[in-house]
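K.L.:
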Amino acid sequence: MLINSSSDFGQALKKRRKELGYTQRYISEFTGFSISFISDLENGKKTAELGKAIYLANMLGLDISVNARA
0 MLINSSSDFG
10 QALKKRRKEL
20 GYTQRYISEF
30 TGFSISFISD
40 LENGKKTAEL
50 GKAIYLANML
60 GLDISVNARA
């Protein structure tokens with residue numbers, strides 16, 4: 000999936016979390032991140048912390064890569 004916005008990123012996280020059968024509460028307990036942070040991230044809030052966002056994506060088995068446009 001090509002990510003062009005914080006909303007796209009959030010949708011990808013939410014989709015993967017649901018595929019794995021995880022609740023936001025479970026993710027919160029596992030990572031120590033608040034449920035509100037996870038919810039904000041899944042809803043595309045632009046002020047989410049990048050380090051936590053990348054950690055959460057990796058924890059859900061998602062790879063993140065940056066590619067230069069031609």
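Letter 7 of the sequence shown, counting from 1, is numbered 6 in numbering that gives the first Met the number 0, and no numbers are missing. Where is the CB? At the ideal position from N, CA and C, for every residue including glycine.
Spatial neighbours of Phe8 within its chain, please: CB distance less than 6 Å, with the 5 preceding and 5 following residues excluded, ordered by chain position.
P.N.:
Closer than 6 Å at the Cβ level, and outside the excluded window around Phe8, lie Ile2.
K.L.:
Work out the CA separation of Ile34 and Arg24 for me, nearest whole Å.
P.N.:
About 6 Å.
K.L.:
Tell me the DSSP secondary structure of Asn57 in three-state form.
P.N.:
It is helical.
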